[in-house]
Amino acid sequence: MKTHTKYLKIHTENEKEIINITRAVEAAVSESGVKEGIVLVNSMHITSSVFINDEESGLKRDFMKWLETLAPKGDYDHHRTGETNADAHLKRTIMGREVVVAITEGKLDFGPWEQIFYGEFDGQRDKRVLIKVIGE
Amino acid sequence: MKTHTKYLKIHTENEKEIINITRAVEAAVSESGVKEGIVLVNSMHITSSVFINDEESGLKRDFMKWLETLAPKGDYDHHRTGETNADAHLKRTIMGREVVVAITEGKLDFGPWEQIFYGEFDGQRDKRVLIKVIGE
Amino acid sequence: MKTHTKYLKIHTENEKEIINITRAVEAAVSESGVKEGIVLVNSMHITSSVFINDEESGLKRDFMKWLETLAPKGDYDHHRTGETNADAHLKRTIMGREVVVAITEGKLDFGPWEQIFYGEFDGQRDKRVLIKVIGE
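Residue numbers (my numbering), protein chains in the order written: chain H, 326 to 461; chain F, 326 to 461; chain S, 326 to 461.
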């Protein structure tokens with residue numbers, strides 16, 4: 326059994342941003358030498374997400390507008406700690422923390438449109454994504 | 326370490342549908358010979374989901390009605406591409422892309438009511454579900 | 326390859342409750358002897374969740390209030406079976422069934438604030454969480 330661990334550094338220019346990280350995950354899988362297995366990709370932070378959807382700029386705007394309706398900025402109990410980002414915790418919950426992707430014949434075993442994204446909801450700071458490959 | 330990969334073909338009659346795929350996942354686990362490990366089950370498409378809940382027809386209707394309130398059909402930026410299914414991308418996000426299930430003593434290690442479902446939100450086309458078993 | 330399976334018993338005092346289970350998952354990883362791999366942690370029930378977020382009491386209240394707005398108690402088709410907990414099935418869907426966490430050098434490979442929680446939405450009954458460790 327082989328394992329491979331990689332940390333991807335991310336620092337967004339904007340507070341909220343969606344970044345395609347598919348190439349970085351593919352690179353980690355290639356480095357691992359794993360031909361059959363899985364790769365876990367997760368945000369290491371609790372106000373950002375890793376998710377799979379379509380690379381389309383309109384859809385990315387739709388996601389951000391939609392998240393604002395479901396988990397709006399506002400007054401939350403969490404803010405009594407001095408934080409002001411409770412909405413980012415909720416937005417991340419909708420989008421998810423992690424994805425697990427199959428590796429088949431050394432490649433991400435993806436459908437025609439699947440791409441991996443990092444979704445930032447409280448950015449402009451150093452963040453990390455964890456990539457863990459296991460298999461053989 | 327053993328791995329086993331299987332693709333499940335799905336083509337729904339309706340645009341939106343929830344299909345119980347537990348038996349197909351059990352069959353893949355049995356074929357794999359894996360006694361201890363995990364199985365990843367994911368939609369290979371970005372407008373459908375794999376999720377775990379209860380096999381109850383009323384609850385399935387509740388899920389569909391609820392998703393229509395949280396992620397309604399409507400006018401989205403994504404539709405400038407000619408697509409008309411942005412709501413299906415959002416509905417799938419709520420329900421999730423994938424599940425990871427433990428395999429113990431050769432079987433899905435499930436609680437009393439857990440069943441695996443494929444949730445289609447933009448159907449009437451050929452789709453696939455990926456089943457990846459890893460373990461020993 | 327090593328695997329380790331553990332069941333965590335949970336019985337909440339309240340109908341809805343969020344419980345930090347990070348220590349129990351760390352203990353299971355330690356017992357497993359796995360140094361590099363992953364751990365799956367999932368609710369074995371369909372009205373409760375396992376998720377990762379921040380240990381902060383205000384945020385936990387925010388989650389519960391927010392879930393009540395997105396998935397309120399009410400009249401659902403599921404209730405024709407005699408059940409009255411359809412809202413708990415929906416709340417659990419928002420929060421998620423499971424998490425998969427990387428194990429690196431024998432420890433949960435977490436960011437600075439990540440903690441694992443059990444979220445109960447239909448409690449006051451015996452429930453179980455499954456912890457499955459795989460790796461080497």
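Backbone N, C-alpha and C define an ideal beta-carbon position, used for all residues, glycine too.
Residues bridged to residue i (per DSSP)
i	result
residue 443 of chain F	F:344 and F:375
residue 367 of chain F	F:423 and F:455
residue 328 of chain S	S:459
residue 362 of chain F	F:428 and F:460
For residue i, the nearest candidate out of the options (CA to CA)
i	options	result
residue 457 of chain F	F:368, F:445, F:444 and F:421	F:368
residue 418 of chain H	S:410, S:401, S:398 and S:374	S:374
residue 435 of chain S	S:381, S:424, S:387 and S:407	S:424
residue 337 of chain F	F:461, F:455 and F:444	F:444
residue 342 of chain H	H:326, H:358, H:392 and H:355	H:392
residue 439 of chain H	F:430, F:347, F:398 and F:452	F:452
residue 362 of chain F	F:426, F:422 and F:449	F:426
residue 449 of chain F	F:331, F:334, F:327 and F:340	F:340
residue 415 of chain F	F:395, F:404 and F:407	F:395
residue 387 of chain S	S:353, S:330, S:437 and S:420	S:420
residue 432 of chain S	S:461, S:330 and S:345	S:461
residue 399 of chain F	F:406, F:411, F:437 and F:332	F:411
residue 397 of chain F	F:357, F:446 and F:349	F:446
residue 326 of chain S	S:366, S:406 and S:357	S:357
residue 353 of chain F	F:372, F:365 and F:331	F:331
residue 403 of chain H	S:409, S:407, S:379 and S:406	S:379
residue 405 of chain H	S:366, S:377 and S:385	S:385
residue 401 of chain F	H:390, H:407, H:364 and H:409	H:390
residue 459 of chain H	H:377, H:355, H:346 and H:371	H:355
residue 383 of chain S	H:430, H:345 and H:409	H:409
residue 381 of chain S	S:344, S:422 and S:454	S:344
residue 413 of chain H	H:349, H:371 and H:360	H:371
residue 329 of chain F	H:430, H:346 and H:350	H:430
residue 376 of chain F	F:455, F:441 and F:333	F:441
Problem - Within the segment 379–429 of chain S, ranges of the alpha helix (DSSP H) (whole runs, at least 4 residues) - result: Here the runs fully enclosed are 382–395 and 411–420.
Exercise for the section: Below 9 Å between beta carbons is the criterion; list the residues of the segment 386–408 of chain S that meet it against any residue of chain F, in chain order. Expected result: Listed in sequence order: 395, 396, 401, 402, 403, 404, 405, 406 and 408.
Exercise for the section: Compile a chain-ordered list of the residues in the segment 435–458 of chain H whose CB is closer than 9 Å to at least one CB of chain F. Expected result: The segment 435–458 of chain H vs chain F, Cβ under 9 Å: 435, 436, 437, 438, 439 and 440.
Exercise for the section: Closer than 9 Å, Cβ to Cβ, to anything on chain H: give me those residues from the segment 366–383 of chain S, in chain order. Expected result: Result list: 376, 377, 378, 379, 381, 382 and 383.
Problem - Contact list for the segment 349–362 of chain F against chain H, Cβ threshold 7 Å - result: Answer in chain order: no residues at all.
Handout entry: Selection of the segment 331–344 of chain S by Cβ proximity to chain H, strictly under 7 Å
Key = Under the 7 Å Cβ criterion, the segment 331–344 of chain S contributes no residue.
Practice task
Quick one: which residues of the segment 408–420 of chain H get their C-beta closer than 9 Å to a C-beta of chain F? List them in chain order.
Solution key: Listed in sequence order: 419 and 420.
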